[in-house]
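S.K.:
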Ligand SMILES: [Cu+2]
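Numbering (the numbering used here), first residue to last: 129 to 552.
See the structure below:
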């Protein structure tokens with residue numbers, strides 16, 4: 129008869145073998161779109177795996193009880209939205225790099241291979257670790273030279289929302305897209321994280337100086353950026369956030385851009401429940417509809433999706449919900465340009481006099497920009513142009529949501545939509 133101790137040993141060995149053996153890492157669950165590996169880890173530790181809109185989690189292998197990841201720093205071909213591509217830098221073929229997910233208490237090893245033309249390093253932003261694992265080139269380690277692979281290894285002593293990014297030529301490497309999310313799930317039974325969420329989204333906020341007509345982000349720009357992104361995508365290419373009515377949702381927001389972003393959610397009140405510092409005590413949670421995510425910060429927003437509809441979620445800096453546009457131009461609002469338009473066309477054949485009555489006509493339908501350049505605002509909703517770009521997406525709350533399938537546009541119940549009073 130098997131002793132209790134023997135049974136535990138057998139189960140332990142089985143669990144280890146199961147984790148180490150097949151690695152169906154890239155195989156996706158058809159219902160949620162999450163990887164089978166991430167779902168299995170969530171079941172094992174009792175958490176909901178994180179969803180990275182327009183992105184994915186980094187697969188791992190188990191090596192002698194250590195959860196091992198491999199990041200490859202390299203140049204990547206990236207599409208911000210259809211019609212706009214650029215040569216960026218990232219990890220494993222994408223920007224932002226894949227999301228690293230692990231559980232509180234686990235030991236992780238992260239191999240970093242440098243396929244860039246210059247030295248790099250990786251800093252684990254917000255993670256408590258030994259000094260020599262902090263990834264600050266020159267200070268805590270020599271830089272990782274092109275062609276080299278280095279290993280970082282540490283035990284996760286905390287749960288929370290964190291990030292990773294280079295700490296070598298940061299200005300250039302981050303401006304070109306090198307960054308990623310590092311989510312540490314709470315160990316099972318950690319009451320600080322109650323109630324658990326049904327959907328856990330994670331988004332990195334960033335800005336890019338991809339000047340009209342070019343295809344390589346310009347790292348020298350400090351303020352006047354051309355593109356503002358969620359996980360390196362701009363609206364209308366940002367994936368919608370989905371929730372079934374009644375589900376508890378978390379949105380983890382990290383900001384590695386050069387601006388602060390007041391993030392605004394329509395139709396719901398959320399609670400700010402934590403930062404990359406830690407899970408906040410319940411007494412510090414507060415209800416908001418707009419919350420500032422400062423440069424270098426992370427914030428966790430949580431709410432119950434109790435209001436069906438298509439709800440805007442966006443940065444409230446109005447230039448941050450725009451795609452490429454000129455700054456520092458003369459103000460055209462209210463100026464009759466009809467006499468000068470033809471004279472300018474003699475010099476610039478495609479010139480369009482615009483902006484007299486506002487800039488709504490600068491959306492994708494009306495205006496064609498230089499090659500590889502998105503219109504300032506675009507996106508079509510059920511009632512016409514949404515006239516947005518950049519840091520904008522839609523939270524879709526539905527009673528009958530099926531898995532992670534986009535349910536299309538919301539059908540508002542009769543008599544619940546704003547209505548026209550007179551014809552113009
Ligand atoms: Cu913003």
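A virtual CB, placed ideally from N, CA and C, is assigned to each residue, including glycine.
Examine ligand 1 and report whether any of its heavy atoms sits within less than 7 angstroms of the Cβ of residue 516.
M.R.: no
S.K.: Would you report the Cα separation of residue 197 and residue 189, rounded to the nearest angstrom?
M.R.: 7 angstroms
S.K.: Our contact map puts residue 392 next to residue 448 with C-beta atoms below 8 angstroms; I'd like the distance itself, whole angstroms only.
M.R.: At roughly 11 angstroms, the Cβ-Cβ gap does not stay under 8 angstroms, so residue 392 and residue 448 are not in contact.
S.K.: CB residue 237 to CB residue 201, shorter than 8 angstroms?
M.R.: no
S.K.: Considering only heavy atoms of ligand 1, does any lie closer than 7 angstroms to the CB of residue 419?
M.R.: no
S.K.: How is the alpha helix (DSSP H) around residue 351 delimited, first residue to last?
M.R.: For residue 351, there is no enclosing alpha helix (DSSP H), as DSSP gives it neither H nor E.
S.K.: Keeping to the same chain, check which residues put their C-beta closer than 6 angstroms to that of residue 174; ignore five residues upstream and five downstream.
M.R.: 316
S.K.: When DSSP labels each residue in this structure, what does residue 298 get in the three-state scheme?
M.R.: helix
S.K.: Compute the Euclidean distance between the alpha carbons of residue 241 and residue 284, then round it to the nearest angstrom.
M.R.: 22 angstroms
S.K.: Starting from the Cα of residue 349, find the closest Cα among 329, 302, 183 and give me that residue.
M.R.: 302
S.K.: Quick check on the burial criterion: 16 or more other C-beta atoms within 10 angstroms. Buried or exposed for residue 425?
M.R.: The Cβ neighbour count for residue 425, taken over all protein chains shown within 10 Å, is at least 16; the residue is labelled buried.
S.K.: Could you name the residues of the same chain whose beta carbon sits closer than 8 angstroms to that of residue 247, not counting the 5 residues immediately before and after it, in chain order?
M.R.: 265, 271, 272, 273, 274, 296, 297
S.K.: Here's a check: name, in chain order, each residue in its chain whose Cβ is nearer than 8 angstroms to the Cβ of residue 279, leaving out the five neighbours to either side.
M.R.: 237, 238, 239, 240
S.K.: Considering only the alpha carbon of each residue, which of 450, 432, 326 lies closest to residue 104?
M.R.: A question about residue 104 goes unanswered here, because the residues of the chain that appear run from 129 up to 552.
S.K.: Excluding the five sequence neighbours on either side, which residues of its own chain have a C-beta within less than 6 angstroms of the C-beta of residue 347, listed in chain order?
M.R.: Answer for residue 347: 299, 300, 303, listed in chain order.
S.K.: Could you pull out every unbroken beta strand (DSSP E) segment of at least 3 residues lying fully inside the stretch 297-334, listed in chain order?
M.R.: 308-313
S.K.: Nearest-angstrom Cα distance between residue 537 and residue 249?
M.R.: One C-alpha to the other measures close to 44 angstroms.
S.K.: Taking its Cβ as the centre, do 16 or more other Cβ atoms sit within 10 Å of residue 418, making it buried, or is it exposed?
M.R.: exposed
S.K.: Skipping 5 residues on each side, what residues in its chain have a beta carbon closer than 8 angstroms to that of residue 156?
M.R.: 162, 163, 164
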